[in-house]
Amino acid sequence: MGIRTKLIASFLIVALIPLLLLTFINKQTTEKALTDNARQALSAAAKETANRIDAFIDENLDSVRVEAILPGLARYLSLTPKQRDDSPEMQLATETLIRLSRKDMLNVLSYALLDLNGKNVLDTYTPNIGKDESVEDYFKQPLQNGLSFVSAMKQSPTIPDIVTVFFSSPVRNAKGDILGVLRVSYNATVVQQLVTRETERAGAKSFAILLDENNIYLAHSTAPQLLFKSIVPLPLDIVTQLQKAERLSNSPVKELATNEFKLKQALDNKQSYLISSLSGTGNQVNLIAIARLKYKPWSVLFAQPISIALAPVKKQIHDAMFLFAIIASVVTIIAFTIGQLLTKSIIYLTNIVYQFTIGNLEIRAKINSKDEIGQLARSFNNMAHELQTSLETLEQRVQERTAELVIAKEKAEDANQKLEKLVNLDGLTQVANRHCFDGRLQAEWKRLAREQQPLSLILFDVDKFKLYNDYYGHLGGDDCLVRIAQTVQKIVNRPADLAARYGGEEFAVLLPNTDLAGAIKVAQSIQQAIKDQAIPHAKSDVKDIVTLSLGITSVIPTCDIKPDTLIASADKALYNAKNKGRDRYCCSLEDV
């Protein structure tokens, strides 16, 4: 066998056999990796969606608990039925319910007050007034355990194609006695949207399902016709009970279940992952991840057809076969060509080049022939010399340039720190200035509008500060402002909170994720801390020490309201505090 044939055969064996082996191993590894990645993506999406639903439930439970303590509701329920009609308490309670219902006009269907007999005595959806709701769990549970409650999702008996969920909380008087229940009817479509709106993030053609404690479909991103049907047949008495409660479809019994027994077994065994077919998706085999909620015994499922998850493997096999053919052709051609040109000098020169490429820069080719091989050797030697010289010079220049860059970076960082301090800090008090406050207000307003969390603002200034300045001089006034600013800075110490000099003797305290009650506590701490400083004020007709007047407001930001309205509301409260004699705080009770 000639050297050319041997070379071609050797090249083919060396190149193609490892390629075939690598292709097989890579196929197995890729399938496992793709399956694991898909499972992780589905599991992450399921857990994230479960957390979002839990957050939605938790937020609304907190809201209804806080709303139930509004004094107007308790005063109304404390009246006898005869005293309630056309009473000022009735008007106040009605206005309170209407105002509460407007906080989310898209999803809040109604707010209602139920007395201790379960009778609907006030409702923003007036046809419900007088209705007996004593048999409903959202009435019984708050009375039994004294806690806020969220009901199961059910079909609305009065509004077609609407799914509702109820939040409720006991209404108590000042002594803590339960007088009735505050009930909120909520459009549960928002829960279904939380489940279905971001399914593509879990992977191509993935879909999401929400099941309740009876394994009834509450949401399905690709098969909405399955809503309010169960994954397995339920006992007839349970079916009757759930249909009566509007929690199960009124279809014939044989059409009420999709017969997903493998899925039911996985749910019963608390599995977090399985591979199974689902009838609602054409019975194709799916990767399914399961996450469970904290506040309700519900399950969130994210699934993806396994054929979609493993689709890259098919393409990889096709590409590998195509690459196999190309490599076989190229190897044959190269082996044939090299077989004709192969000489001892080529092998020697190749070895010299190899030694040079792995770092032996001093090596040179010792070929004195005047043919093409000799010219190639001389060209290599010249190139090696120039490259060696260039690398040595380049290395020195890189070191020098690196040192310059390190020095320049340190100078730039120092300048940026000084500039940031000048831009954002008040030169006198060393707290945030008006520029910094305005920027932070805009940023927190946008963030909390997305998160639907409260934002509170305290505006305050020094009582009779002009008289203070006139009597103690401007240096004394500056020292007073510095002491006040530094005292407030120590109180407002959460990372997101901001104390700023708003202008002159006026200061602002921005409190993200803080409701009105929390803002009042901060204002009281500031007021007490300044009093503890006991800064003398001989010319004040309020007290003989420096005192503050404070205005407080709080709101849940929305895109429809500008941040300036928060400032205007706090300023109005500050104005009221001054009018009422100073050395006090006032809250803005109007809608911002």
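Using the working numbering, read the sequence shown as starting at 15 and increasing by one per residue.
Backbone N, C-alpha and C fix where the C-beta goes; we use that ideal spot for every residue, glycine too.
Secondary structure of I421 (DSSP, three-state): helix.
Note that the stretch 161 to 169 does not touch the stretch 129 to 138; fewer than 3 beta-carbon pairs, one per stretch, sit closer than 8 Å. In the three-state DSSP reduction, K594 falls in the coil class, being neither helix nor strand. Residue nearest to D492 within the set Q279, V476, K310, G86 is V476 (criterion: CA-CA distance).
With a cutoff of 9 Å on beta-carbon distance, K460 and P571 are scored as near each other.
Between the stretch 262 to 281 and the stretch 212 to 219, the count of Cβ pairs shorter than 8 Å is below three; the stretches do not touch. Counted as a single uninterrupted DSSP element, the alpha helix (DSSP H) harbouring C450 occupies residues 448 to 465. Every beta strand (DSSP E) of 3 residues or more that sits fully in the stretch 201 to 225 is shown, in chain order, as 221 to 225.
Look at D475 here: in three-state DSSP terms it is strand. Here the C-alpha atom of L439 lies approximately 50 Å from the C-alpha atom of L224. Under the DSSP assignment, V523 falls in the beta strand (DSSP E) whose first and last residues are 520 to 526. In the structure shown, the three-state DSSP call for K168 is strand.
The continuous stretches of alpha helix (DSSP H) do not include T178, which lies in the beta strand (DSSP E) extending over residues 177 to 186. Annotation: T403 to N395 spans about 12 Å, alpha carbon to alpha carbon. For D597, the number of other beta carbons within 10 angstroms of its own is at least 16, and it is reported as buried. Residue pairing by DSSP places S383 opposite no residue, since no beta bridge is assigned to it. Excluding sequence positions up to five before and after D529, its CB lies within less than 8 Å of the CB of V80, P468, S470, S568, all in the same chain and listed in chain order.
With contacts defined as CB atoms closer than 9 Å, L564 and F474 qualify as a contacting pair. Contact fails between the stretch 104 to 111 and the stretch 172 to 182, because fewer than three Cβ pairs, one in each stretch, are under 8 Å apart. Here V344 is exposed. Its C-beta has fewer than 16 other C-beta atoms within 10 Å. The stretch 44 to 60 and the stretch 297 to 310 touch, with three or more beta-carbon pairs separated by less than 8 Å. A Cβ-Cβ separation of about 33 Å leaves N201 out of contact with N297 under the 8 Å criterion. Annotated three-state conformation of F153 is helix, per DSSP.
Within the stretch 482 to 540, the runs of beta strand (DSSP E) that reach at least 3 residues and sit entirely inside it are, in chain order, 512 to 517, 520 to 526.
Put simply, the stretch 226 to 238 touches the stretch 195 to 210. At least three CB pairs are less than 8 Å apart. Each residue's CA atom was taken as its position, placing A60 and L292 some 17 Å apart.
Pairwise C-beta distances place the stretch 89 to 96 out of contact with the stretch 314 to 332, as fewer than three of them are shorter than 8 Å. When the beta-carbon positions are compared, E465 and L524 stay at least 9 Å from each other. The count of Cβ pairs closer than 8 Å, one atom from the stretch 539 to 550 and one from the stretch 492 to 502, reaches three, so the stretches are in contact. When DSSP states are grouped into helix, strand and coil, A398 belongs to the helix group. Counting only residues of its own chain and dropping the five nearest sequence neighbours on each side, R497 has a CB closer than 7 Å to the CB of Q547, I549. By the Cβ neighbour-count rule, K243 is buried, with 16 or more other Cβ atoms within 10 Å of its own. The beta carbon of Y152 lies closer than 7 Å to those of F163, S165, F180, S182, R197 in the same chain, with the five residues before and after it left out.
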